[in-house]
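Single-structure report; data block below.
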Amino acid sequence: METARGPVPLSSLGPVLSHEHLFINLMAERRGDGLLHDEALMARELAVFAKQGGGAIFDLTTAELTPGSTLDSERSFDARRAGQTRNPRAVEAVRRVSEATGVHVVLGTGRYRDPFLDPELIAELGVAGLAAEMVHDLTVGFADTGIRAGLIGEVGADKWFISEVEEQVFRAAAAASVQTGAPVYTHAARWTVGVEQSELLVSCGVAPEKIAIGHVDTVPSVDYAVELAARGHYVGIDTIYSTAPAALEHRVAQVLALVRAGHRDRILLAHDVCVASLLQANGGPGFGLVMGEFRAALLAAGIGEDEFRSMMVENPARYLAPSESGAAGTPKKRASPSA
Ligand SMILES: [Zn+2]
1 METARGPVPL SSLGPVLSHE HLFINLMAER RGDGLLHDEA LMARELAVFA KQGGGAIFDL
61 TTAELTPGST LDSERSFDAR RAGQTRNPRA VEAVRRVSEA TGVHVVLGTG RYRDPFLDPE
121 LIAELGVAGL AAEMVHDLTV GFADTGIRAG LIGEVGADKW FISEVEEQVF RAAAAASVQT
181 GAPVYTHAAR WTVGVEQSEL LVSCGVAPEK IAIGHVDTVP SVDYAVELAA RGHYVGIDTI
241 YSTAPAALEH RVAQVLALVR AGHRDRILLA HDVCVASLLQ ANGGPGFGLV MGEFRAALLA
301 AGIGEDEFRS MMVENPARYL APSESGAAGT PKKRASPSA
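According to the working numbering, the sequence shown is numbered sequentially starting from 1.
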C-alpha cells in the first residue's frame, strides 16, 4: 500500500480513519476557520489518534484545496494548471507529520467539486487529461516528491445533483480507477446524490466495492445508508465531529441499521477534520472522537468491541486491497493484498 512514507503492507495499517485532512485551504468557503497549515499543531492533533491505538488515515485533500496549505507554500503552485494536483510542500509536510506520529497516511488524488473546480481547466484537460493526472499521482507520484497517491478522492458533487463540470471529474476518476485498480472516495454531503454518483461510476466500469460514498452521515436518512451498502459500496460515516446528542444518535442509528441489514463490512468511520475549530487545541473533537466517545456510544448501543475493530481495521484494508472480482478489464497492476 502506498503511503506518505512509501509502500507498507496493507495488513500493517491497523485502525483507519477513512476521511481526514492534515493540510487544507478551505478559506474560499470558511474564511477565518478554513485553514490547516500549522505542521507542529497537526502533529500534536494526530498524535491523539496514535495514542488511542490508531494506525492510519486517508488524507483526501484534493487539488484545489492545497494551495497555501503550508507556511512554505510556493507561489508557483497553481491548482488551476494541468498536473498541479497537490501542493508538493503539503505532501512533504504530510510525510513529516506521519513520521512524527507513526500514523500512516494514505493520500488521495483528484480534483474536488464545485465551486472549486475551474471550468476552463476541466474543459482544457477533458476526461482523458484529468484521468492522466490521477494515474500519474498513483503510479509515479505527486510532482517531484516521489510520494504516491494510494486512492482517488475526495471527488464530489456540491449540490443534490452532479454538475456538468463535476461529471467530467467523476468520469476521469472512474477511468483512473479502472486503469490502476485504485478505489474512489466521493464527497456527497447533505443530499442523496451518492446514488447518482454510484450509478455514474458503475456505468463507467468501476467495481462497486472500489467505491466509497462519503459524508453519508450528513444525510438525514438511515435508508439511504443501507441502500448504498446494498449496491455494494462502502459507506462513509465520516463526519463524526460533534458530541451533540442528535448528531451522535443519528450516526449511531445509521451504523446500527447497516449492521442489522448485514452490511457491517461496508462501514468506514472518520471525523473529516477540515477546519481549525474542529481541532482539540481549539476545543473541538480533533482526531479523537471516533475511537473515543463514538466508540463508547456504539458499544452502549450493543455493538461488540470486535465488531467495532473490524469496521476500523478490516473494512478500510478490504476497500484498499486489489479487487477480487475486478472491474471489467482491470489490469492487476497493484501488488498482492499483503503489500
Ligand atoms: Zn473531506
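C-beta atoms are modelled at their ideal positions from N, C-alpha and C, and glycine is treated no differently.
V155 is a Cβ neighbour of T186, given a cutoff of 8 Å. Separation of R89 and F142 (C-alpha to C-alpha, rounded to the nearest whole angstrom) is 10 Å.
Collapsing the DSSP output to three states places N25 in a strand.
Between R113 and A63, the C-beta gap is not smaller than 8 Å, which leaves the two residues out of contact. A Cβ-Cβ distance of about 5 Å is found for the pair Y234 and R266, placing them in contact under the 8 Å criterion. Sequence-distant partners of G232 (beyond 5 residues in either direction) whose C-beta falls short of 7 Å from its own C-beta, in its chain, are P208, E209.
Under the three-state reduction of DSSP output, G205 falls in the coil class, being neither helix nor strand.
Counting C-beta pairs closer than 8 Å gives fewer than three between the region 253-271 and the region 193-202, which falls short of the contact rule. Scanning G150, L151, E166, I147 for the CA closest to the CA of A123 turns up E166. Per DSSP, reduced to three states, the secondary structure at T3 is strand.
By the neighbour-count criterion, in which a residue is buried when 16 or more other Cβ atoms sit within 10 angstroms of its Cβ, A56 is buried.
Residue side-chain check: L60 places its Cβ nearer than 7 Å to a non-hydrogen atom of ligand 1. Beyond the five residues adjoining it in sequence on each side, E293 comes within less than 7 Å, by CB distance, of T243 in the same chain, given in chain order.
Contact between the region 28-36 and the region 92-109 is absent: fewer than three C-beta pairs spanning the two stretches fall below 8 Å.
Bounds of the alpha helix (DSSP H) holding S177 are 164-180. Counting every other CB atom within 10 Å of its CB across the protein chains shown gives A128 a total below 16, marking it as exposed. Inter-residue distance for G126 and E133 is about 11 Å (C-alpha atoms, whole angstroms).
D272 is the residue among H37, E120, D272, V252 whose C-alpha sits nearest the C-alpha of F287. Annotation for S221: T192 place their beta carbon closer than 8 Å to its own, counting only its chain and skipping 5 residues before and after. Using a cutoff of 7 Å, the CB of C204 does not count as near ligand 1, since none of the ligand's heavy atoms is closer than that. The residue among R309, A301, D306 with its C-alpha nearest the C-alpha of Q254 is A301. Taking 3 residues as the minimum length, the beta strand (DSSP E) runs contained wholly in the region 230-283 are 234-237, 267-269, in order along the chain. Within the same chain, and ignoring the five residues on either side of T145 in sequence, the residues whose Cβ sits closer than 7 Å to its Cβ are P88, V91, E92. A distance below 6 Å between beta-carbons, with the five flanking residues on each side excluded, links I24 to the following residues of its chain, in chain order: L36, T61, L65, S69, C274. The DSSP-derived three-state label of I122 is helix.
For Y319, the enclosing alpha helix (DSSP H) has its first and last residue at 314-320. Judged by beta-carbon spacing, L138 lies beyond the 8 Å limit of V169, meaning their Cβ atoms are not closer than that value. As a beta-bridge residue in DSSP terms, T109 pairs with I152. Inter-residue distance for R75 and E99 is about 26 Å (C-alpha atoms, whole angstroms).
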